[in-house]
Amino acid sequence: MNSKIEITKTTSENPNFIDLVAALDVSLWSRYPELKTNYWGNNIIEFNPNVIIVHLEGKAVACGCFKKYDKNTIELKRMFVSPEARGLGLAKQIIQELELWAHELGFSFSVLETLDKQNQAIGLYQKVGYTIVDNYKPYVGLENSICMKKQI
């Protein structure tokens, strides 16, 4: 099957991004109900001009974004692929697009945080060159957090 995939650069105000993030939150909180209070403050979406949405056959099915972490580093955020679109390599495409975009803006490194039960995500990030590092702020001391870094 040759599906039509379209990758769009947009902002966090895009209604498709808002819907995908809501689906991500439902997925995370159903998997980690005990962590909701610890992490909720880290998941507030401020305006973000660096968002990517993937459409499959015209339907928004995946997203990701980055925000500036420091002068040389971006942080990948809100990575999500809808269950019906998993296994198509969309997350890897999103990561590559976000890293390229950040590199074009002058950033040299990318960091991210994921949760320890997200084995597929951890594996994907390692496969595309991320290595596990000590937890960075605001995740210092949060045992369920896995922080990773890559030069881009």
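Going by my numbering, the first residue of the sequence shown is number 202, and it counts up by one from there.
For glycine and all other residues, C-beta sits at the position ideal for the given N, C-alpha and C.
A quick note: this is a predicted structure, and the numbers were derived from the prediction, not measured.
CB-CB length for residue i against residue j, believed under 8 angstroms
i           : j           : result
residue 213 : residue 255 : Rounded, the Cβ-Cβ distance is 16 angstroms, inconsistent with contact.
residue 151 : residue 325 : The question about residue 151 has no answer, for the chain in this structure spans 202 to 353.
residue 275 : residue 308 : 5 angstroms
residue 314 : residue 340 : 5 angstroms
residue 258 : residue 205 : 6 angstroms
residue 266 : residue 281 : No, residue 266 and residue 281 are not in contact; Cβ-Cβ is about 10 angstroms, not under 8 angstroms.
residue 311 : residue 272 : Wrong, their Cβ atoms sit about 14 angstroms apart, outside the cutoff.
First and last residue of the uninterrupted beta strand (DSSP E) at residue i
i           : result
residue 271 : 260-271
residue 252 : 252-257
Span of the alpha helix (DSSP H), counted from its first residue to its last, around residue i
i           : result
residue 293 : 291-305
residue 328 : 320-328
Residues bridged to residue i [DSSP beta-bridge criterion]
i           : result
residue 218 : The partner list for residue 218 (beta bridge, DSSP) is empty, contrary to what the question assumes.
residue 159 : Residue 159 lies beyond the stretch modelled for the chain, which goes from 202 to 353, so this question has no answer here.
residue 274 : 271, 310
residue 212 : BP columns for residue 212 are empty, so no partner.
Hey, is the segment 218-229 in contact with the segment 292-312, meaning 3+ C-beta pairs nearer than 8 angstroms? no
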